[in-house]
Amino acid sequence: MLASFDFISPPELIAVSTAFLGGEIFLDPASSERANTVVQATRFFNWQQNGLNQTWAAKNVYLYPPRDIALKSEQPKSTRLFEKTNYFKKSNQRIWLEEAHKKWLKREFDEGIVFITSTEVALIATQKSNIDLPVCILKDHPRLVRDDDEMSQAKNSKVFGFVFYLPSINNYEHRIHDFRQLYSDLGRVYL
């Protein structure tokens with residue numbers, strides 16, 4: 002993951018996610034010191050710690066993956082037996098979403114929120130990876146904050162926002178209902 006420049010989640014999305022997750026975010030696996038002043042996770046991994054290589058043991062997870070393309074050394078190994086062409090590069094948002102899904106299936110954390118701003122990842126990569134989760138498509142362009150000393154709001158953001166929910170197996174139907182109720186104020190929820 003590159004350390005040069007990225008964005009921080011919109012504070013209004015953090016507020017809704019914190020409330021939804023019971024008032025506390027326990028882990029943000031792709032964060033920074035500045036980003037955590039907004040997210041306020043109990044524990045976080047910065048880019049040097051590389052959360053992809055860590056265990057995500059936590060009650061809940063909030064994740065806004067970096068938006069760049071992963072370096073060649075960070076690309077996941079292909080799971081195909083034979084390769085006919087060069088393996089295409091995956092975006093960090095796809096890699097992180099797939100990793101969150103794997104760790105959730107292994108029960109490393111109980112439930113999680115993953116905020117994605119890549120339309121390709123949200124609509125196409127999830128189908129290719131068989132990731133079928135409740136999602137909220139934000140009705141407004143997210144107001145991203147720059148992860149720099151000023152933490153200023155990004156101007157003219159043209160990205161769309163997608164909030165995926167990795168539901169708890171405890172009270173599964175109730176938690177999905179809660180997700181729909183709370184996030185429907187931010188956009189359209191699909192279950």
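When the letters of the sequence shown are read in order and numbered with the numbering used here, they come out as residues 2 to 192. Quick reminder that beta carbons are idealized off the backbone N, C-alpha and C, glycines included.
Assigned exposure category for residue i - 16 Cβ within 10 Å defines buried
i	result
residue 153	exposed
residue 106	exposed
residue 20	exposed
residue 93	buried
residue 131	exposed
residue 61	buried
residue 170	exposed
Nearest candidate by alpha-carbon position, reference residue i, set the options
i	options	result
residue 17	186, 190, 67	186
residue 91	126, 156, 108	126
residue 24	15, 155, 31, 129	15
residue 66	22, 10, 59	10
residue 120	150, 159, 149	159
residue 190	139, 161, 155	139
residue 168	149, 142, 133	133
residue 35	128, 51, 60, 151	151
residue 101	52, 129, 141	52
residue 141	184, 68, 61	184
residue 143	49, 164, 129	164
residue 68	61, 116, 166	116
residue 137	129, 171, 170, 179	179
Own chain partners of residue i with C-beta closer than 6 angstroms, once the 5 adjacent residues on each side are dropped
i	result
residue 43	27
residue 13	none
residue 59	27, 28, 110
Spatial neighbours of residue i in its chain, beta-carbon cut-off 7 angstroms, leaving aside the 5 residues before and after
i	result
residue 37	29, 45
residue 192	135, 177, 181
residue 57	28, 30, 104, 109, 110
residue 40	10, 15, 26, 29, 32, 63
residue 122	92, 94, 95, 98
Nearest-angstrom Cβ-Cβ length linking residue i and residue j, presumed shorter than 8 angstroms
i	j	result
residue 8	residue 147	6 angstroms
residue 114	residue 173	With 8 angstroms as the limit, residue 114 and residue 173 do not qualify as a contact, their Cβ atoms being about 16 angstroms apart.
residue 33	residue 47	5 angstroms
residue 188	residue 118	That pair is no contact at about 13 angstroms.
Spatial neighbours of residue i in its chain, beta-carbon cut-off 8 angstroms, leaving aside the 5 residues before and after
i	result
residue 145	8, 9, 10, 11, 118, 154, 155, 158, 160
Contact test: residue i Cβ vs the ligand SAM heavy atom, cutoff 7 angstroms
i	result
residue 57	As for the ligand SAM, it is missing from this structure, which has no ligand bound.
What ranges does the beta strand (DSSP E) occupy inside the segment 135-167, keeping only unbroken runs of at least 3 residues that lie completely in it?
136-139, 163-167
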